[in-house]
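Protein sequences, first through last, are from chains Y and A. Take the first sequence: its position 44, counted from the start at 1, is 44 in my numbering, and no numbers get skipped. Take the second sequence: its position 25, counted from the start at 1, is 1025 in my numbering, and no numbers get skipped. Where a beta carbon is used, it is the ideal one built from N, C-alpha and C, also for glycine.
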Amino acid sequence: AQSVAQPEDQVNVAEGNPLTVKCTYSVSGNPYLFWYVQYPNRGLQFLLKYITGDNLVKGSYGFEAEFNKSQTSFHLKKPSALVSDSALYFCAVRHNTDKLIFGTGTRLQVFP
Amino acid sequence: GAGVSQSPSNKVTEKGKDVELRCDPISGHTALYWYRQSLGQGLEFLIYFQGNSAPDKSGLPSDRFSAERTGGSVSTLTIQRTQQEDSAVYLCASSPRTGMGYEQYFGPGTRLTVT
């Protein structure tokens, strides 16, 4: 069965510092991987996706993610965090299905 | 352009009543998805439509839940005889078509509270 794990419930980082939000996945073949962000009282917004090709994927708002097949990971990164990046981040996977399987979410808190 | 819209934004209902939640996808999107977000269960898939047909209903938690889509556009999620455990935020998403490479665009959700 497909699954996604986000091992950290919350990540705290100071503004201007680099941030990483971790995601690992479990599928039997090649995954399609996505990151979404949810701001308070809002729906999910698409950030970026990995389908195939370059392992480093760039997305919205300066975020990027690196696909690592050997470690089955797809960590979200940003070189310099902003207070406005504070939100709930979800990793999701698709494999042989149209539905998204989501992780439990990681709350990112960026302190000024 | 207009995004995915959902109505109502909030719904409070008494246990045992039926509720209908509406989703208007992005114009031209043929694929439509329903998810549920709750504190205990995270984000769960419920059902998806390709056009008016529903190839995957595997996430519907019980036969009290049903959904339909007419004209390949608007979708309605119906919950009959609501229970307190149905309280959650119901999210709708649409995509240009089905296919694993397409991202889904989400609406703001309907917050359902069953008292």
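Item	Value
Closest residue to A/N1052 among A/G1042, A/S1075, A/L1021 (Cα-Cα distance)	A/S1075
Chain A within 7 Å of Y/T24, Cβ atoms only	no
Chain Y contact residues for A/D1056, given Cβ-Cβ distances below 8 Å	T97, D98, K99
One or two residues paired with Y/C91 in a DSSP bridge	Y/W35
Interface residues of chain A facing Y/Q61 [CB-CB closer than 7 Å]	Before going on, a small fix: residue 61 of chain Y reads as Tyr here, not Gln. Here the premise fails: no neighbours, minimum Cβ distance about 15 Å.
Residue ranges of each beta strand (DSSP E) within the region 1024-1052 of chain A, 3 or longer	1031-1038, 1042-1050
Spatial distance of Y/Q62 from A/G1028 (CA atoms)	A small fix is needed here, since residue 62 of chain Y is Gly in this sequence, not Gln. Roughly 29 Å separates the two Cα atoms.
Classification of A/G1016 by the beta-carbon crowding that lies within 10 angstroms, buried from 16 upward	exposed
Beta-bridge pairing of Y/I51 - partner residues as DSSP gives them	DSSP output for Y/I51 lists no bridge partner at all.
Simplified DSSP state of A/D1056, which is helix, strand or coil	strand
Chain Y contact for A/F1065 (CB, 7 Å cutoff)	no
Beta-carbon proximity check, Y/Q109 vs Y/S86, cutoff 7 Å	yes
Reference A/N1010; option with closest CA among A/A1002, A/G1003, A/P1055, A/V1019	A/V1019
Per-residue DSSP class, three states only, for A/Q1083	coil
Those residues which DSSP pairs with A/C1092 across a bridge	A/W1034
Beta-carbon separation (whole angstroms), A/Y1035 vs A/L1043, contact threshold 8 Å	6 Å
Interface residues of the region 24-57 of chain Y facing chain A [CB-CB below 7 Å]	Y32, F34, R42, G43, L44, F46, K49, I51
Partners in chain A for Y/R94, counting only beta-carbon separations shorter than 9 Å	M1100, G1101
CB contact check: A/P1096 to chain Y, cutoff 7 Å	no
Residue range of the unbroken beta strand (DSSP E) whose run includes A/G1006	Correcting the residue type first, residue 1006 of chain A is Gln in the shown sequence and not Gly. Here the beta strand (DSSP E) through A/Q1006 covers 1005-1007.
Simplified DSSP assignment, three categories, for A/V1074	coil
Burial state of A/L1039 (16 or more Cβ within 10 Å)	exposed
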